[in-house]
Amino acid sequence: MATSSIFRSGFLVVAMCGASMAYAQNATAPIIIEAENPTTQQGSHKRDFKMAASGGEVLGEDFGSAFGDFAEYQFALPARIAPANLTVRYARETTGASVLSVTVDGVKVGTLSCASSGGWGSTDAQFREVALNLSSLAAGTHRLRITVVPAATMEKMHLKPVPVLDLVGNRSDKNSVGHGKNVALYTGAPSRFFYATHELGDIFSAVDGKTLDWYPDHVTVAPQLVAGNINLDRIEIQAATAPVPFTSQANPVATDSLVETRQVCVTQDDVVVSRLHFLNKTNQAITHHVEIQGDCRQSFDWRGSKGGEKITRREGNNVLMFDKNVFPGTLPEGLAIAVGAKVAPVEADVSIPGTYRLVYEVQVPANGERDFTVGCAIERTSKAALANLGRVLGQKNPLEVNRADWKRFYENDIPRFECSDKSLNELYAFRWFLLKFSTAGGDLGLFKYPVVMEGRQAFQTYCCYSAPFMAFDMNWADNPQIGFGHIANMGQVAYDDGRFPWYASPRTNDVPLDHRSKSGASLLPYTAWQWYQIHGDKNGLRSLYPMMKKNLQWWISDRDPDGNGLFNIDHQLETGMDDLHRRWKNGKPARYEAVDATTYAYLNLQAVSKMARELGEVADANYFSNYAQKSANALLDITWDKDLERFRDRNPDNDELSEYNSICIFYPLMGDFLRREQMKEVGRYLLNSNEYWTPHPIPAMSQSDPEFDPVKRYWAGPSWPAATSHIIEGFATSAKRLDRSLLPQAAELFKRAAANHMQPRADFYERYDPFSGRGLSNFRDYMHSWWIDIYIRHIAGLEPQDDGSIVIDPLPMKLDSFALRNAPHRGHRIDVLWTATAGLTLKVDGNTTRRSKNFRPGTDKLTLSASLF
Numbered sequence: 000m001a002t003s004s005i006f007r008s009g010f011l012v013v014a015m016c017g018a019s020m021a022y023a024q025n026a027t028a029p030i031i032i033e034a035e036n037p038t039t040q041q042g043s044h045k046r047d048f049k050m051a052a053s054g055g056e057v058l059g060e061d062f063g064s065a066f067g068d069f070a071e072y073q074f075a076l077p078a079r080i081a082p083a084n085l086t087v088r089y090a091r092e093t094t095g096a097s098v099l100s101v102t103v104d105g106v107k108v109g110t111l112s113c114a115s116s117g118g119w120g121s122t123d124a125q126f127r128e129v130a131l132n133l134s135s136l137a138a139g140t141h142r143l144r145i146t147v148v149p150a151a152t153m154e155k156m157h158l159k160p161v162p163v164l165d166l167v168g169n170r171s172d173k174n175s176v177g178h179g180k181n182v183a184l185y186t187g188a189p190s191r192f193f194y195a196t197h198e199l200g201d202i203f204s205a206v207d208g209k210t211l212d213w214y215p216d217h218v219t220v221a222p223q224l225v226a227g228n229i230n231l232d233r234i235e236i237q238a239a240t241a242p243v244p245f246t247s248q249a250n251p252v253a254t255d256s257l258v259e260t261r262q263v264c265v266t267q268d269d270v271v272v273s274r275l276h277f278l279n280k281t282n283q284a285i286t287h288h289v290e291i292q293g294d295c296r297q298s299f300d301w302r303g304s305k306g307g308e309k310i311t312r313r314e315g316n317n318v319l320m321f322d323k324n325v326f327p328g329t330l331p332e333g334l335a336i337a338v339g340a341k342v343a344p345v346e347a348d349v350s351i352p353g354t355y356r357l358v359y360e361v362q363v364p365a366n367g368e369r370d371f372t373v374g375c376a377i378e379r380t381s382k383a384a385l386a387n388l389g390r391v392l393g394q395k396n397p398l399e400v401n402r403a404d405w406k407r408f409y410e411n412d413i414p415r416f417e418c419s420d421k422s423l424n425e426l427y428a429f430r431w432f433l434l435k436f437s438t439a440g441g442d443l444g445l446f447k448y449p450v451v452m453e454g455r456q457a458f459q460t461y462c463c464y465s466a467p468f469m470a471f472d473m474n475w476a477d478n479p480q481i482g483f484g485h486i487a488n489m490g491q492v493a494y495d496d497g498r499f500p501w502y503a504s505p506r507t508n509d510v511p512l513d514h515r516s517k518s519g520a521s522l523l524p525y526t527a528w529q530w531y532q533i534h535g536d537k538n539g540l541r542s543l544y545p546m547m548k549k550n551l552q553w554w555i556s557d558r559d560p561d562g563n564g565l566f567n568i569d570h571q572l573e574t575g576m577d578d579l580h581r582r583w584k585n586g587k588p589a590r591y592e593a594v595d596a597t598t599y600a601y602l603n604l605q606a607v608s609k610m611a612r613e614l615g616e617v618a619d620a621n622y623f624s625n626y627a628q629k630s631a632n633a634l635l636d637i638t639w640d641k642d643l644e645r646f647r648d649r650n651p652d653n654d655e656l657s658e659y660n661s662i663c664i665f666y667p668l669m670g671d672f673l674r675r676e677q678m679k680e681v682g683r684y685l686l687n688s689n690e691y692w693t694p695h696p697i698p699a700m701s702q703s704d705p706e707f708d709p710v711k712r713y714w715a716g717p718s719w720p721a722a723t724s725h726i727i728e729g730f731a732t733s734a735k736r737l738d739r740s741l742l743p744q745a746a747e748l749f750k751r752a753a754a755n756h757m758q759p760r761a762d763f764y765e766r767y768d769p770f771s772g773r774g775l776s777n778f779r780d781y782m783h784s785w786w787i788d789i790y791i792r793h794i795a796g797l798e799p800q801d802d803g804s805i806v807i808d809p810l811p812m813k814l815d816s817f818a819l820r821n822a823p824h825r826g827h828r829i830d831v832l833w834t835a836t837a838g839l840t841l842k843v844d845g846n847t848t849r850r851s852k853n854f855r856p857g858t859d860k861l862t863l864s865a866s867l868f
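For what it's worth, numbering that gives the first Met the number 0 labels the leading residue of the sequence shown as 0, then goes sequentially.
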């Protein structure tokens, strides 16, 4: 991308891919940095335009909403400045101060306290400036980092160390808490509670507060701290002529006489626990009143309505609240919510149905500390809720018990992966957290089995398009029923004609939608076969086969009416890529023959053919295999453009091939039918920096397409992890089969894509800016992609085969070492261990079966025979 120069009053800014380097024109000229152009940042989700800002834009849009949000800048000085001043222009509407920790070249130089400016920067009067004295700045390039920190030093509450939990946690920008049953919550002020797909509201205020410290198993929050949201406009660095007129707060401390922090977790039985810790900083004992409230009157299901009967009553020392709007066909009593502590409240108000208020009295000794634990049990019956609440409150430390449960999950329930790149280790472990955290269901209405929902903070639903993405990952759980249930549940919600519903909840498979089929693309049959490759459970396969067969029969009858093997899309929403509307020169067809839909059909047809053959259904096996071959031939013979060297969608009315250049051109890489000729598409488009090869891949549309716009368009420009996962998998698989010289680039693609989710800590936004890597959604914890399967098949290189054998063929990731342990394979446990010095070691059930000292990823591969298993 070409650079552009902008001159303003004696300074020069050179813009490079959305970031900037500020240079002084001469030794006395100030350095001016537009704050909206950091080299890297965390916290802001999109551009924020303000007319009164110095450049018409600020770094805002949730920046500072989480402690730990930061922005980093680079600037260059022609000569040493001593002393120097740093001035920040900002806007902040919220009362209370946003506190900024400032470092230069990694060394803390001070803290800025930014009081409310009266607005977010719509007018010039809504901006203020704060400043900081710097002792000296040497000539040369410097790195300035501004981090939002708590306005007061709060005591952290620590549990016993668990390496994997501490690797993923120890951060202040997350607030997601759950245990993978039905309850999940996002702490805050107010907090948000969910039961499966149903949002309950803030039903237990004892968890409210700003995050101090987050881990997969719990979060520590502080109710006294205010949000640090701030809009940064301009940063100025210049030689100091006099001390700055603003006082920086170098070491903020809590000034309240009683400091409160709260440790929050959700147990395996859906009991929300809040352990309140009080620190009395005075010489007098304090009697403190703890007030807890809850309100479920505005609860609603995913895309559902509010309403339903609410009941609240006192039950001994506890309060029981019932919400009959939660899956009424499944929970006749209503969802039961039991709240209480070991001691009786001094006040209890249950006068308004659907709400409650409890007050507890806590004695905190002079210069001492006191813990007080309260709980909120959420269950299908009041009897179960009260029993769970009593059991958890009876534990000495429920948070330690909960942490031990999470430790067992990571050690026993999933494959363990470690390598010499710590960030890849964190991303792998964090992905497993999200898979567990986003799980709900199990004998819950239409959720007969536990399923992983598309999202937790948003899109709390079971979707035929995204369900396979999570299935790829869940298939690797130690218990085969984990992946099986997630896949099999689609049979519970499927329509009578075989269609899989686009969205479903425990309540309904008729969620309001904007396309008439209420269905769409789904790789679920393909993931079902992969589940069988891993676990070899023929009984499970037999139960999955009828629904997969029926679904494909619908696709064939409804979406390939001319029988040419190319499958139609009736509405763009059926593809999951909402606004990638194909362009046509000779009239828009009612339906178009889609490369992505046909690739999906090929993979599914092949999978169902293999299922049928394994189950002895020979006629079905031959039929679906032949149809798969017809689709493969059609993709190669009809949609492949030899001149443009890419696949193109087709208008079935006039045979026109669309000129639209979207990421779907690469989807056929996932199949095994390509010839070496089709790999030209990779070099010409995927690896071309003027097309798709961006710093933060992969944009869903080529940069060369006239519609490309990663800022204003939803799909036509941003990088989507969902689509990117397809291309990582397809590129790696096809390169291994057709052109192994491309394997280093396949490894580089994975590394770039993984880096999107490590900025600087693991996270999953809906979509990303392909140049800056900035997350573009205002929600996170979005499951719309797959990663565990890619780690196992392509980083560790463990590839289960149809015949029960295993091929080991890792990508050349330039790692010093990697270790995959406890990977399931047909009732056995596989370890794949490699170091650059010792080579490869393979173990089956702890016993070494193969060693290869000279094994090199990307160059070598080997096979473990099915007879070993």
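Using N, Cα and C, we set each Cβ at its ideal position, and we do this for glycine too.
Please work out which residues of its chain come closer than 6 Å, Cβ to Cβ, to residue i, disregarding the five sequence neighbours upstream and downstream, and give them in chain order.
| i | result |
| --- | --- |
| Glu-644 | Lys-679, Glu-680, Arg-683 |
| Lys-852 | Gly-838 |
| Pro-149 | Phe-66, Leu-224 |
| Phe-854 | Gly-838, Leu-839 |
| Val-108 | Val-101, Leu-133 |
| Glu-368 | Leu-278 |
| Val-129 | Val-87, Leu-111, Cys-113, Phe-245 |
| Phe-371 | Leu-275, Val-361 |
Would you decide whether residue i is buried or exposed? Buried here means 16 or more other CB atoms lie within 10 Å of its CB.
| i | result |
| --- | --- |
| Asn-36 | buried |
| Thr-246 | Here Thr-246 scores only 41 on pLDDT, less than 50, and its place in the model is too uncertain to base an answer on. |
| Ser-556 | exposed |
| His-570 | exposed |
| Thr-254 | For Thr-254, the predicted model reports a pLDDT of 48, less than 50, meaning its position is unreliable and no value from the coordinates is stated. |
| Met-546 | buried |
| Thr-286 | exposed |
| Asn-575 | Per the sequence shown, the amino acid found at residue 575 is Gly instead of Asn. The residue is buried, with at least 16 neighbouring Cβ atoms inside 10 Å. |
| Asn-250 | In this predicted model, Asn-250 has a pLDDT of only 38, less than 50, meaning its place in the structure is not dependable; the value taken from the coordinates is given anyway. Exposed: under 16 other Cβ atoms inside 10 Å. |
| Lys-537 | exposed |
| Thr-858 | exposed |
| Arg-581 | buried |
| Ser-864 | exposed |
| Gly-796 | buried |
Who are the near neighbours of residue i in its chain, counting only those whose CB is closer than 7 Å to its CB and skipping five residues on each side?
| i | result |
| --- | --- |
| Phe-48 | Gly-55, Glu-56 |
| Ser-733 | Leu-668, Leu-673, Met-678 |
Answer with yes or no whether the minimum CB distance from residue i to chain C is below 8 Å.
| i | result |
| --- | --- |
| Thr-38 | Here there is only one protein chain, and chain C is not present. |
Beta-carbon within less than 8 Å of residue i's beta-carbon, same chain only, minus the 5 sequence neighbours each way: which residues are those?
| i | result |
| --- | --- |
| Asp-578 | Gln-571, Arg-712, Tyr-713, Trp-714, Ala-715 |
| Glu-798 | Arg-792, Ile-805, Val-806, Ile-807, Asp-808 |
| His-44 | Glu-60, Asp-61, Tyr-764, Arg-773, Gly-774, Leu-775, Ser-776, Asn-777 |
Our contact map puts residue i next to residue j with C-beta atoms below 8 Å; I'd like the distance itself, whole angstroms only.
| i | j | result |
| --- | --- | --- |
| Gly-444 | Thr-329 | 4 Å |
| Asp-780 | Leu-278 | No, Asp-780 and Leu-278 are not in contact; Cβ-Cβ is about 32 Å, not under 8 Å. |
| Arg-274 | Gln-292 | Between Gln-292 and Arg-274 the Cβ distance is about 18 Å, and since that is not below 8 Å, they are no contact. |
(request) Report yes or no: do three or more beta-carbon pairs, one from the region 68-77 and one from the region 113-131, lie closer than 8 Å? (result) no
(message) To test your reading of the DSSP string, which unbroken alpha helix (DSSP H) runs of 4 or more residues are found completely within the region 397-450?
(response) 397-407, 421-436
(message) Under 8 Å, with one C-beta from each stretch per pair, do the region 380-398 and the region 417-435 reach the 3-pair mark?
(response) no
(message) For the pair the region 516-533 and the region 805-818, tell me if three or more CB-CB distances fall below 8 Å.
(response) no
(message) As an exercise, report each continuous beta strand (DSSP E) stretch of at least 3 residues that is fully enclosed by the region 40-107, in chain order.
(response) 69-76, 83-90, 97-103
(request) Tell me, please, whether the region 295-305 touches the region 430-446 by the rule of three or more beta-carbon pairs shorter than 8 Å. (result) Touching, no.
(message) Below 8 Å, how does it come out for the region 496-508 and the region 458-467: are there three or more Cβ pairs, yes or no?
(response) Counting Cβ pairs under 8 Å, three or more are found: they touch.
(message) Count Cβ pairs between the region 578-590 and the region 652-660 that sit closer than 8 Å; are there 3 or more?
(response) yes
(message) When you compare the region 716-735 with the region 830-844, are there three or more beta-carbon pairs, one atom per stretch, that lie closer than 8 Å?
(response) no
(request) Ignoring anything shorter than 4 residues or poking outside the region 569-656, list the alpha helix (DSSP H) runs there in chain order. (result) 594-613, 617-633
(message) Closer than 8 Å is the cut-off here; do at least three beta carbon pairs connect the region 754-773 with the region 693-710?
(response) yes
(request) Please determine if the region 127-139 and the region 170-183 are in contact, where contact requires at least 3 C-beta pairs separated by less than 8 Å. (result) no
(request) Specify whether the region 78-98 and the region 212-222 touch according to this definition: at least 3 beta carbon pairs, one from each stretch, less than 8 Å apart. (result) no
(message) Tell me whether the region 686-694 and the region 618-626 touch, counting them as touching only if at least three CB pairs, one residue from each stretch, are closer than 8 Å.
(response) no
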